[in-house]
Amino acid sequence: MKLKTASSFIKKADKVAIAKQDKQFFAEIAAILNKARQMAYKAVNTVMVQTNWQIGKRIVEYEQKGKARADYGDYLIVNLSRYLSNTLGKGFSEANIRNFRQFYLAFPNGFEFARCRLANLENISWSHWCAIMRIEDDAERNYYIKEITEQNWNVKVLERNIRSGYYRRLLSTQKNTPAITSGKKEKSFDFIKDPYVLEFLDVPEDMVGKETELETAIINNLQRFLLELGKGFSFVERQLRISTETSHFYLDLVFYNYLLKCFVIIDLKTSKLSPRDVGQMELYVRMFDALKRGQDDNPTLGIILCAEKDETVVRYSVLNESKQIFASKYKTILPTEKQLAAMIEKTRHH
């Protein structure tokens with residue numbers, strides 16, 4: 002009886018071992034299929050995007066064949082939409098046909114400019130292109146194309162960044178961008194924005210005296226805040242304490258940027274920027290460099306996020322020349338195009 006029980010146990014153990022082996026095998030097959038599906042999706046997406054561009058090209062060429070009527074383009078699109086829908090089914094609404102036309106007009110030379118610089122152009126979906134092709138400025142358009150391929154932005158993130166003027170907010174502060182020494186070369190990283198748009202926090206526009214609530218909202222939406230900060234940021238600590246022999250100081254938010262190879266301190270101010278705020282951040286940066294900065298780290302950077310900036314304070318304080326301390330406004334609602342343009346213009350003049 003004991004021998005039979007032992008034999009049964011061995012057989013059961015063999016079955017378990019086989020089952021585990023099978024499970025690994027099944028996982029390998031699933032991985033092969035997933036990879037194939039991803040490759041097929043990319044291939045289909047690439048063909049679809051190229052086809053839409055070719056359709057747009059033919060529409061524009063046909064429109065330009067000496068048709069005198071100004072409304073001929075609309076007439077052509079309406080009838081083409083009806084024909085394709087009756088012949089091929091869904092997916093050929095008038096709006097889609099207009100998108101094909103706009104796609105070609107936005108990129109009349111195809112994608113040669115992007116292919117020579119980007120390896121993952123096939124990762125840009127048709128929905129991405131529909132958002133990008135409505136941007137008029139070539140440099141802005143190319144920036145978003147590059148960021149999609151490098152940062153894997155989904156369509157929702159892309160559309161939000163376009164609406165919030167992500168590129169233009171970066172561009173407006175380039176004159177204040179720090180230069181970081183890497184080996185023998187000095188590299189410039191454009192990462193400071195003004196303003197920072199934090200509409201995803203879902204907090205009131207007036208947060209005066211509520212720094213803790215603002216900080217909590219940021220922590221609760223940390224992933225989206227990191228996207229707004231830009232490339233290379235990772236969260237380190239909230240209310241990080243640095244101490245001297247006689248005093249303790251608490252830093253609102255501390256991040257590390259692996260591209261800049263330095264720590265970044267963020268101090269939250271829900272009121273107008275004051276000289277005291279600037280002096281406090283200067284103290285924080287100096288102390289952090291002395292007490293926390295690693296031997297291989299670049300100098301610590303400090304960003305004061307404030308509800309409003311006093312340009313006199315900016316002009317006559319260390320902010321004007323400092324390569325380590327910056328002040329930017331934050332907005333807790335998505336500004337209109339007009340408001341955003343005014344804020345960016347104001348930043349450029351200062």
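Take any residue in the sequence shown, note its place counting from 1, add 1, and you have its number in my numbering.
Using N, Cα and C, we set each Cβ at its ideal position, and we do this for glycine too.
Within the same chain, Tyr168 come within 6 Å of Tyr144 by CB-CB distance, once the 5 residues on both sides are set aside.
With a 10 Å radius around the Cβ and a threshold of 16 neighbouring Cβ atoms, Arg83 comes out exposed.
Taking Glu229 as reference, the option from Val237, Leu215, Glu212 and Val198 with the minimal CA-CA separation is Val198. Taking all protein chains shown into account, Ala328 has 16 or more neighbouring C-beta atoms within 10 Å of its C-beta and is therefore buried. Taking the CA atoms as reference points, Phe234 sits about 14 Å from Asn299.
For Glu160, the secondary structure class from DSSP, reduced to helix, strand or coil, is helix.
Here Lys330 carries a strand assignment [DSSP, helix/strand/coil]. If you compare the alpha carbons of Leu89, Ile266 and Val279 with that of Arg242, the shortest gap goes to Ile266. The residue from Trp127, Gln22, Asp268 and Ile56 with its alpha-carbon nearest to that of Thr213 is Asp268.
Going by beta carbons, Asp311 and Ser275 fall inside the 8 Å limit. Distance from the CA atom of Phe289 to the CA atom of Gln340, rounded to whole angstroms, is 36 Å. Here Asn155 is exposed, its C-beta having fewer than 16 other C-beta atoms within 10 Å.
Going by DSSP, Tyr257 is part of no alpha helix (DSSP H) but of the beta strand (DSSP E) stretching over His249 to Asn258. Residue state for Lys21 is assigned as helix, using DSSP reduced to three classes. Three or more beta-carbon pairs drawn from the segment 122-136 and the segment 38-55 are found closer than 8 Å, and the two stretches are therefore classed as touching.
Residue state for Gly57 is assigned as helix, using DSSP reduced to three classes. The continuous alpha helix (DSSP H) containing Asp139 extends over residues Asp139 to Gln152. Taking a contact as a CB-CB distance under 8 Å, the pair Asp139 and Arg170 does not count as one, their CB atoms being some 18 Å apart.
Straight-line spacing of the CA atoms in Glu200 and Leu335 works out to 5 Å. Proximity to Asp203 across Ile220, Gly166, Val61 and Phe192 peaks at Ile220, based on C-alpha coordinates. In the DSSP assignment, Thr271 falls within the beta strand (DSSP E) that extends over Cys263 to Lys273. The C-alpha of Lys58 is placed about 52 Å away from the C-alpha of Lys270. Distances from the alpha-carbon of Met344 to those of Ile326, Glu309, Tyr317 and Arg316 put Glu309 closest. For the pair Leu320 and Val279, the CB atoms are nearer than the 8 Å cut-off. Distance from the CA atom of Leu223 to the CA atom of Thr217, rounded to whole angstroms, is 10 Å.
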